[in-house]
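Report on the structure given below.
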Amino acid sequence: MQDQQHVQRQIQAEPRKSLLGQVIFSSRWLQLPIYLGLIVVQGVYAWKFLAQLWELLEGLNHLTETDIMLAVLGLIDVVMIANLLVMVTVGGYETFVSRLRIDSHPDQPEWLDHVNASVLKVKLSMAIISISSIHLLQTFINASRIDEHTIKWQLFLHLAFLLSAAAIAYTDKLLAGTTAHHQRD
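To convert a position in the sequence shown, counted from 1, into my numbering, add 197.
Here it is in structure tokens:
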């Protein structure tokens, strides 16, 4: 009898899960259609890549070296945006929705082992800077056909991306130092 009473007291002492807490926690699944949509967008970029590659191959005989270089940079741009989509889809789902449970898969990306919101922010900012760099390179190669005002704005935006990434990295460094300090205490 005492054992039954003890068990009942333990059950009552366990924190009760609130319905509101369960609803809020379950709301993370509302992001699932967003991540599935990003997978569809990856398909769009794969189609765009193949279409641009076909265009390049078809026009190879009458394209200048500059035109070929611009086309190749366009292809690289599509690849980098597709990589960004993969990072956001895989990293975001893993961080904010649910574990992917692919630990034993031989193709698991190395960065997925230690992905969190902070790592994802830094990786995304670096990807955006890389994409911006490709656009800026295309602009400089094609500068004779682009007005000076547009070139200045692209350069200004690229510098803004660089400053933003530096600020994110610095903030993460400060947060990591604060977290390490609190863990030692």
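Ideal Cβ positions, reconstructed from N, Cα and C, are used throughout, including at glycine. It should be emphasised that the depicted structure is a prediction, and the values quoted were computed from it without experimental measurement.
Legend entry - Exposure of Asp274, with buried meaning 16 or more beta-carbon neighbours within 10 Å: Asp274 should be labelled buried.
Inset, instruction - Tell me, to the nearest whole angstrom, how far the beta carbon of Ile278 is from that of Val319; I am working on the premise that it is less than 8 Å. - result: Contact flag wrong, Cβ pair sits at about 18 Å.
Inset, instruction - Verify whether the separation of the beta carbon atoms of Leu282 and Glu291 is less than 7 Å. - result: Against a cut-off of 7 Å, the Cβ pair of Glu291 and Leu282 comes out as no contact.
Legend entry - Start and end residues, alpha helix (DSSP H) containing Asn313: Unbroken run through Asn313: none, as it is neither H nor E.
Inset, instruction - Round the Cβ separation of Leu387 and Val285 to the nearest angstrom and send it over; I've been treating them as touching at under 8 Å. - result: No answer is possible for residue 387: it lies beyond the span of the chain, which begins at 198 and ends at 382.
Legend entry - C-beta atoms of Ile326 and Ala362 nearer than 7 Å: In contact: Ile326 and Ala362 (Cβ atoms closer than 7 Å).
Legend entry - First and last residue of the uninterrupted alpha helix (DSSP H) at Ile265: 262-283
Legend entry - For Arg342, the three-state DSSP class (helix, strand or coil): helix
Inset, instruction - Can you have a look at Ser295 and say buried or exposed, based on whether 16 or more other CB atoms are within 10 angstroms of its CB? - result: For Ser295, the number of other beta carbons within 10 angstroms of its own is below 16, and it is reported as exposed.
Legend entry - N-terminal and C-terminal residue of the alpha helix (DSSP H) that Trp244 is part of: 229-255
Legend entry - Span separating the alpha-carbon of Gly383 from that of Leu317: In the structure as shown, the chain begins at 198 and stops at 382. Residue 383 is therefore absent and cannot be evaluated.
Legend entry - Residue burial classification, Ile328 (beta-carbon count within 10 angstroms, cutoff 16): buried
Inset, instruction - Note down the Cα distance separating Ile236 from Glu307, rounded to an integer number of angstroms. - result: 20 Å
Legend entry - Terminal residues of the alpha helix (DSSP H) in which Phe222 lies: Start and end: 216-223.
Legend entry - Burial state of Ala268 (16 or more Cβ within 10 Å): buried
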